[in-house]
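**Q** Please read through the structure below; I'll follow up with questions.
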Amino acid sequence: MKIDISNRADIIFLVDTFYTKVQQNNKIGPIFTEIAKVDWSHHLPKMHDFWESILFGKAVYKGNPMLTHFALREKANMHQEEFNTWKKLFFETVDELFEGEYAEMIKQKAQSIADLMHYKLNSPNQRINIV
Ligand code: HEM
């Protein structure tokens with residue numbers, strides 16, 4: 001039986017497994033590896049902080065994801081297909097590794113943030129949607 005997500009170590013396991021899948025994915029992998037040329041030693045700890053803040057309410061993440069993705073949108077496709085792929089990989093990873101209340105909650109949070117981000121990035125009034 002799988003366990004639920006209950007601490008930072010679980011989040012690290014989830015996030016690192018997810019980004020391994022992301023890097024191997026043909027649709028969105030190149031956005032990270034070739035376009036943004038992500039420094040993983042920097043990006044992964046930031047994402048551990050982000051999800052720990054979202055899931056457990058610990059204010060460890062400092063940053064503005066909307067600004068980062070607005071800048072990225074100038075260089076990469078950030079449309080429905082890319083967001084669908086991101087969500088599919090995220091949900092798959094959660095379901096492979098965990099089950100329980102927090103596993104369900106992190107998928108719901110990911111879904112709503114991804115949908116809002118996609119909406120803001122593609123909205124005609126995007127300038128006023130930056131935060
Ligand atoms: C098509 C979907 C997405 C793509 C291609 C994408 C791509 C990226 C890339 C390349 C970066 C790193 C930028 C850099 O370090 O230079 C990044 C940062 C980040 N992404 Fe995404 N992302 C996507 C969706 C999401 C979603 C749905 C979330 C949240 C649920 C998210 C949360 C973040 C956060 C928190 C950061 C760090 C921002 C910062 O503080 O600098 N991303 N993303």
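Read in order, the letters of the sequence shown correspond to residues 1 to 131 in full-length UniProt numbering. From the three backbone atoms N, C-alpha and C, an ideal C-beta is built for every residue, glycine too.
How many angstroms separate the CA atom of glutamate 52 from the CA atom of arginine 8?
**A** Numbered from 1 along the sequence shown, position 52 holds the residue referred to as residue 52. Numbered from 1 along the sequence shown, position 8 holds the residue referred to as residue 8. Taking the straight line joining both Cα atoms gives about 6 Å.
**Q** Using a threshold of 8 Å, state whether the C-beta atoms of lysine 2 and leucine 97 are closer than that.
**A** Position 2 of the sequence shown holds residue 2. Position 97 of the sequence shown holds residue 97. Yes. Within cutoff.
**Q** Compute every distance between the C-beta of valine 60 and the non-hydrogen atoms of the ligand HEM, then say whether any falls below 7 Å.
**A** Within the sequence shown, residue 60 is the residue found at index 60, counting from 1. Because no heavy atom of the ligand HEM lies under 7 Å away, the Cβ of valine 60 does not count as near it: no.
**Q** Check the C-beta distance from valine 22 over to phenylalanine 32 and give it rounded, since I have them as a contact under 8 Å.
**A** As a working note, residue 22 is residue 22 in the sequence shown. As a working note, residue 32 is residue 32 in the sequence shown. Confirmed, Cβ separation roughly 6 Å.
**Q** Using the three-state DSSP reduction, which class does isoleucine 35 fall into: helix, strand or coil?
**A** For the purposes of this step, residue 35 is taken as residue 35 along the sequence shown, with counting starting at 1. The answer is helix: DSSP assigns isoleucine 35 an H, G or I state.
**Q** Less than 8 Å between the C-beta atoms of glutamate 101 and aspartate 4, yes or no?
**A** As a first step, residue 101 is located in the sequence shown; it is residue number 101 there, counting from the start. As a first step, residue 4 is located in the sequence shown; it is residue number 4 there, counting from the start. Contact flag set, yes.
**Q** Using a Cβ-Cβ cut-off of 8 Å (strictly less than) and excluding sequence neighbours within five positions of histidine 48, which residues of its own chain qualify?
**A** Indexing the sequence shown from 1 puts residue 48 at position 48. Answer for histidine 48: Arg8, Ile11, Ile12, Val15, listed in chain order.
**Q** Say yes only if the C-beta of asparagine 38 is nearer than 7 Å to one or more non-hydrogen atoms of the ligand HEM, and no if none qualify.
**A** Translated into positions along the sequence shown, residue 38 becomes position 38. Reading off the sequence, residue 38 comes out as valine, not asparagine. True, at least one ligand heavy atom lies under 7 Å from that Cβ.
**Q** Could you round the C-beta distance between alanine 110 and lysine 87 to whole angstroms and report it? I think they count as a contact, below 8 Å.
**A** Stepping through the sequence shown from its first residue, residue 110 is reached at position 110. Stepping through the sequence shown from its first residue, residue 87 is reached at position 87. Contact flag correct, Cβ pair sits at about 7 Å.
**Q** Straight-line CA distance for asparagine 25 to lysine 58?
**A** Position 25 of the sequence shown holds residue 25. Position 58 of the sequence shown holds residue 58. Rounded to the nearest angstrom, the two C-alpha atoms are 31 Å apart.
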